[in-house]
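What follows is a single structure, written as structure tokens, with notes after it.
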Amino acid sequence: MAAVSGRLNKLEQKSLKCHMEIVGVPEIDNEICMNTIKKIVTKLGSDVTTKKVFRLPSKFTDKPRKLSVCFNSVNEKNNFMEIAKKQKLSVKDVDSTWIGAAIYFNDQMTYTFRNLFFKTKTAAKQVGYKYIWFKNNTIFCKKDDNSKLIIIDNETSITKIV
């Protein structure tokens, strides 16, 4: 049963390969999310087009909900993310009337992958791992610049780093 559940989660995650989350963008009354992403794209000097943009539900009411952005292709998403991470935007860079701090750009994850990533991060930090990241539907860890890459694909594989 666990194998079927694991495969199902990987398929769900694969369906999000053209999606990313943008965290920290303030919500505006009667917001049109497509206009919000256009402001960000323009500020980054990018020319990507998006299929759809919407706010994700959140259990936190004190923070703006994340923006979910669906790109036309994985390459478009990856190129946009590379540009966005290099520029390190703040909300004031995009719109001087917005209040807040930094804007973060992340791959969108399923609930199961997000939990696995959190558990991996927690365990890895406890044993001194320097790098933990998620890219192309995979969780990676490295203790330092010279150590070998470890791939985490389920909770059992977290034991590789402990």
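So for the sequence shown, the UniProt record's numbering puts the first residue at 1; every next one is plus one. Ideal Cβ placement from N, Cα and C applies to all residues, glycine included.
Asked	Found
CA nearest to the CA of Ser73, picked from Asn136, Cys141, Val25, Val4	Asn136
Cβ neighbours of Glu27 in the same chain (closer than 6 Å, five flanking residues each side left out)	Pro64
Residue burial classification, Ala124 (beta-carbon count within 10 angstroms, cutoff 16)	buried
Cα-Cα separation between Asn75 and Cys33, rounded to whole angstroms	22 Å
Range covered by the beta strand (DSSP E) that runs through Val69	67-71
Spatial neighbours of Gln108 in its chain, beta-carbon cut-off 7 Å, leaving aside the 5 residues before and after	Leu16, His19, Met20, Glu21, Ser68
Spatial neighbours of Phe80 in its chain, beta-carbon cut-off 6 Å, leaving aside the 5 residues before and after	Ser46, Val48
Proximity of Leu56 and Lys66 at Cβ, strictly below 7 Å	yes
Residues bridged to Ile150 (per DSSP)	Cys141
Nearest candidate by alpha-carbon position, reference Thr122, set Glu12, Ile83, Ile158	Ile158
Per DSSP, cross-strand counterpart(s) of Val53	Val69
Alpha-carbon spacing of Cys70 relative to Asp29, whole angstroms	22 Å
Three-way DSSP call (helix, strand, coil) for Ser15 in this model	coil
Per-residue burial, Leu11 [other beta carbons within 10 Å of its own, 16 or more giving buried]	exposed
Inter-residue spacing [alpha-carbon to alpha-carbon] between Lys86 and Ile99	22 Å
Sheet register partners of Val98 (DSSP bridge)	Checking the sequence shown, residue 98 turns out to be Trp, not Val. Answer by DSSP bridge pairing: none, since Trp98 is not bridged.
Beta-carbon spacing of Lys143, Leu149 below 7 Å	no
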